[in-house]
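Notes to accompany the following structure.
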Amino acid sequence: MSQASMAETNEGRPPDETLDARQGVALNQVVPRRRPGRWVAIALLGLVAVQAGSAIAVNENFHWDVFVEYLFAPTVLRGVGWTLILTVAAMFVAIVFAIALVVMRDSDNPILHWLALAWIWFFRGTPVYTQLLFWGLFAVLFPRLSLSLPFGPEVFAVETKWILTPAIAAVLGLGFNESAYLTEIFRAGFKAIDAGQAEAAQAIGMSRGRLWLRILMPQAMRTIIPPTGNEAIGMLKMTSLVLAVPFTLDLMFATSAIANRLYLPVPLLMVAGFWYLAITSVLMVGQHYLERHFGKGHDLVR
Amino acid sequence: MIDRRTLVATAAAFTLATLVQATFANQAAAEGYDVSGIAVDPALSARVPAKIRTAGVLSIGSDNAYAPWEYLAGQDGQTPEGIDVDLAKAMGAKLGLEIDFQTSAFDAIMPSLGTKFDLGISAFSITQERMKVVNFVSYAESGNLWAVKAGNPAAFDPADYCGRVIAVQSGTWHEGMIQDASKACADAGKPAVEILPFGVQTEALTRVAAGGADATITGDSVIAYAALQSRGTLETMEAVGILNDSGLNGIAVAKPDMELTRLIADTMNAMIKDGTYGAIFAQWGIGSLAVPQAEINPPVKD
Numbered sequence: 001m002s003q004a005s006m007a008e009t010n011e012g013r014p015p016d017e018t019l020d021a022r023q024g025v026a027l028n029q030v031v032p033r034r035r036p037g038r039w040v041a042i043a044l045l046g047l048v049a050v051q052a053g054s055a056i057a058v059n060e061n062f063h064w065d066v067f068v069e070y071l072f073a074p075t076v077l078r079g080v081g082w083t084l085i086l087t088v089a090a091m092f093v094a095i096v097f098a099i100a101l102v103v104m105r106d107s108d109n110p111i112l113h114w115l116a117l118a119w120i121w122f123f124r125g126t127p128v129y130t131q132l133l134f135w136g137l138f139a140v141l142f143p144r145l146s147l148s149l150p151f152g153p154e155v156f157a158v159e160t161k162w163i164l165t166p167a168i169a170a171v172l173g174l175g176f177n178e179s180a181y182l183t184e185i186f187r188a189g190f191k192a193i194d195a196g197q198a199e200a201a202q203a204i205g206m207s208r209g210r211l212w213l214r215i216l217m218p219q220a221m222r223t224i225i226p227p228t229g230n231e232a233i234g235m236l237k238m239t240s241l242v243l244a245v246p247f248t249l250d251l252m253f254a255t256s257a258i259a260n261r262l263y264l265p266v267p268l269l270m271v272a273g274f275w276y277l278a279i280t281s282v283l284m285v286g287q288h289y290l291e292r293h294f295g296k297g298h299d300l301v302r
Numbered sequence: 303m304i305d306r307r308t309l310v311a312t313a314a315a316f317t318l319a320t321l322v323q324a325t326f327a328n329q330a331a332a333e334g335y336d337v338s339g340i341a342v343d344p345a346l347s348a349r350v351p352a353k354i355r356t357a358g359v360l361s362i363g364s365d366n367a368y369a370p371w372e373y374l375a376g377q378d379g380q381t382p383e384g385i386d387v388d389l390a391k392a393m394g395a396k397l398g399l400e401i402d403f404q405t406s407a408f409d410a411i412m413p414s415l416g417t418k419f420d421l422g423i424s425a426f427s428i429t430q431e432r433m434k435v436v437n438f439v440s441y442a443e444s445g446n447l448w449a450v451k452a453g454n455p456a457a458f459d460p461a462d463y464c465g466r467v468i469a470v471q472s473g474t475w476h477e478g479m480i481q482d483a484s485k486a487c488a489d490a491g492k493p494a495v496e497i498l499p500f501g502v503q504t505e506a507l508t509r510v511a512a513g514g515a516d517a518t519i520t521g522d523s524v525i526a527y528a529a530l531q532s533r534g535t536l537e538t539m540e541a542v543g544i545l546n547d548s549g550l551n552g553i554a555v556a557k558p559d560m561e562l563t564r565l566i567a568d569t570m571n572a573m574i575k576d577g578t579y580g581a582i583f584a585q586w587g588i589g590s591l592a593v594p595q596a597e598i599n600p601p602v603k604d
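So the protein sequences, as listed, match chains A and B.
To convert, note that position 136 of the first sequence is 136 in the numbering used here; the numbers rise steadily by one, no gaps.
If you want the numbering used here, it's the 1-based position in the second sequence plus 302.
Spelled out as structure tokens, the structure:
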């Protein structure tokens with residue numbers, strides 16, 4: 001039978017039903033597959049979750065009243081602000097250095113190449129806490145910073161302790177450490193682009209600058225953004241280590257100070273945890289939109 | 303019609319504004335002994351080393367977590383206050399210098415003298431070992447006290463601390479004493495002391511208050527003050543045996559700089575003579591800890 005004749009006779013009823021009814025075929029009752037195990041699992045997990053939730057919520061040792069009292073305390077909010085400033089500043093320093101290091105690492109100039117390798121090796125090879133301790137003691141190792149003419153008189157000198165304040169030490173310490181990791185991420189982004197792109201651009205006479213800016217960078221961003229966003233979120237948490245310098249304005253120090261005044265460590269740890277989670281959530285949403293922008297024309301639209 | 307985008311943007315801007323305001327909110331003035339009445343002593347201020355005189359500021363390193371000697375307070379929780387701060391301000395007034403009381407890790411103060419810091423004022427106990435690397439000017443004498451959780455739930459006995467969990471601040475004389483005591487316990491066949499080291503004394507006290515350690519020991523004024531401030535969470539216990547010993551506290555100066563050491567000693571003695579020293583100690587209620595004379599590198603037992 002043709003499609004046209006079927007359509008004529010069916011007048012609003014689903015085609016299968018009408019056809020099978022006229023032919024006298026017994027139909028299977030189609031029902032969704034029953035999954036009893038799934039329901040049992042949901043019930044069990046729900047029970048565990050409720051137990052765990054109540055064990056935390058009703059537990060006096062958590063001191064939830066103290067948690068609520070200090071959640072928006074002025075020093076805590078100031079700590080949140082400074083943590084964000086440190087994160088942004090350190091990521092900025094890291095990205096600037098990483099861009100320079102990527103170019104140096106893949107350059108033909110052997111000095112630049114080995115310098116970049118040495119930087120990455122050193123800053124990836126030591127723990128960030130140890131590096132921050134060193135930055136805190138930088139003024140002890142190099143008491144004076146001076147600018148002088150080669151084999152000539154000193155032009156300008158200043159004592160390090162006035163330049164390398166705890167804030168600067170914290171930002172540089174975190175930034176330099178992160179730049180080593182970001183260089184590798186950026187390099188992966190550029191490696192992911194097919195070599196033919198660069199060759200074609202050079203064949204039609206594009207300058208190196210234009211090649212980087214218009215061909216390689218936009219394509220590399222797609223691969224770079226997810227891990228870099230990841231690193232930024234990691235940096236937010238790494239700022240808690242600036243106690244090593246010591247930098248005393250960040251969130252962890254603020255909550256620790258209150259905890260040590262009240263002799264109640266747990267609720268203040270939860271205050272810190274809450275704020276770190278809140279900021280991470282915001283950053284994750286931001287990263288989603290950034291990825292969507294750079295994935296236009298490539299990624300599936302969700 | 304306000305669309306979702308505008309709403310989100312407005313909320314974000316508002317949150318950012320609040321955060322910025324909280325981060326840079328104005329600071330309150332510090333409390334303590336009023337040094338405005340102290341006049342510059344011309345003889346003493348003429349002896350200020352050239353480097354410090356040019357800067358006009360005396361850089362002082364302290365761990366700022368040892369109330370009532372030094373702690374961070376004020377509305378912003380960032381202004382140093384305490385006995386040491388008042389003594390430093392009084393000395394600064396006498397010498398015609400500003401005071402910069404900086405927060406540092408306790409272990410990092412003595413290595414940083416002469417470069418990052420001019421003086422170290424952090425209630426240092428004067429010991430033979432320390433005098434090999436720095437000069438000390440004695441300015442107070444204090445004993446030791448134990449702090450335990452209120453009600454002494456762990457039944458801590460100051461006469462028998464073998465096998466106990468004891469929290470200490472790392473790098474302090476007290477930590478060294480407890481380590482020696484633990485060795486003595488082990489030599490006598492008893493279980494060694496389980497030592498929990500912390501970067502600052504406040505964290506050791508918090509751990510005791512939370513029940514994670516049986517007791518902590520440090521200077522008597524600090525323990526008494528903590529018990530007072532803890533609103534019934536901490537109790538004091540007298541030290542017995544080798545730990546029941548009083549020792550001198552000193553201001554640390556770089557070993558090679560005898561000139562500055564002599565100046566600090568003479569300034570402190572001038573303050574003792576004209577009654578400023580006595581007034582500060584009386585205001586903080588620690589008159590019994592006063593010394594009759596500030597000495598340079600005094601002989602001590604250990």
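Virtual Cβ for every residue (Gly too), placed ideally from N, Cα, C.
Only a predicted model underlies this, so the values are computations on that prediction, with no experimental measurement involved.
In the assembly as shown, residue 562/B is a buried residue. Its beta-carbon has 16 or more other beta-carbons within 10 Å.
For residue 351/B and residue 408/B, the gap between their C-alpha atoms comes out near 25 angstroms.
When C-alpha distances from residue 217/A are compared across 102/A, 77/A, 48/A, the shortest belongs to 102/A. Look at residue 347/B here: in three-state DSSP terms it is helix. Separation of the CB atoms of residue 90/A and residue 171/A is rounded to 5 angstroms, and the pair is thereby assigned contact status at 8 angstroms.
Distance from the Cα of residue 419/B is smallest, within the candidate group 526/B, 357/B, 583/B, for 357/B. At least one CB atom of chain A sits nearer than 8 angstroms to the CB of residue 505/B. Residue 87/A has a beta carbon lying at 8 angstroms or more from every beta carbon in chain B.
Unbroken alpha helix (DSSP H) stretches of 4 residues or longer found wholly inside the region 437-502 of chain B: 475-489, given in chain order. Taking the Cα positions, residue 299/A is about 11 angstroms away from residue 223/A. A residue is called buried when at least 16 other Cβ atoms come within 10 angstroms of its Cβ; residue 262/A meets this threshold and is buried. Taking 8 angstroms as the CB threshold, residue 322/B lines the interface with chain A. For residue 529/B, the closest of 339/B, 496/B, 450/B, 321/B by C-alpha to C-alpha distance is 450/B. A Cβ-Cβ distance of about 7 angstroms is found for the pair residue 483/B and residue 463/B, placing them in contact under the 8 angstroms criterion. The beta-carbon of residue 59/A is placed no less than 8 angstroms from the nearest beta-carbon of chain B. For residue 520/B, not one C-beta of chain A is nearer than 8 angstroms to its own C-beta. The continuous beta strand (DSSP E) containing residue 551/B extends over residues 549-556. Shown here for residue 215/A: same chain residues with a beta carbon closer than 6 angstroms to its own, the five before and five after excluded, namely 197, 201 in chain order. Taken atom to atom, the span from the alpha-carbon of residue 237/A to that of residue 281/A is near 13 angstroms. Within the model, the alpha-carbon separation for residue 595/B versus residue 571/B is close to 6 angstroms.
Non-local beta-carbon contacts of residue 499/B in its own chain, meaning distances under 7 angstroms to residues more than five positions away in sequence, involve 470, 472, 477 in chain order. Between the C-alpha atoms of residue 336/B and residue 156/A there is a straight-line separation of about 39 angstroms. Within the region 77-105 of chain A, contact with chain B at the beta-carbon level (separation under 8 angstroms) is assigned to 77, 78, 80, 81, 82, 84, 85. Between residue 363/B and residue 556/B, the C-beta gap is not smaller than 8 angstroms, which leaves the two residues out of contact. 405, 406, 407, 410, 413, 414: these are the residues of the region 403-416 of chain B whose beta carbon lies less than 7 angstroms from some beta carbon of chain A, given in chain order.
Chain B has no Cβ within less than 8 angstroms of the Cβ of residue 170/A. The region 236-255 of chain A and the region 124-144 of chain A touch, with no fewer than 3 CB-CB distances between them shorter than 8 angstroms. In summary, no residue of the region 170-200 of chain A has a CB separated from any CB of chain B by less than 7 angstroms.
In the DSSP annotation of this structure, the continuous segment of the beta strand (DSSP E) that includes residue 520/B starts and ends at 517-521.
Cβ proximity to chain B below 9 angstroms picks out 254, 256, 257, 258, 259, 260, 261, 262, 263, 264, 265, 266 from the region 254-270 of chain A. The C-alpha of residue 118/A lies about 26 angstroms from the C-alpha of residue 163/A. Here residue 24/A is not bridged, per DSSP, to any residue. Not one beta carbon of chain A lies nearer than 8 angstroms to the beta carbon of residue 565/B.
For residue 461/B, the nearest beta carbon of chain A is not closer than 8 angstroms to its own beta carbon. The alpha-carbon separation between residue 339/B and residue 421/B amounts to approximately 23 angstroms.
Judged by DSSP secondary structure, residue 340/B falls outside any alpha helix (DSSP H); it is assigned neither H nor E.
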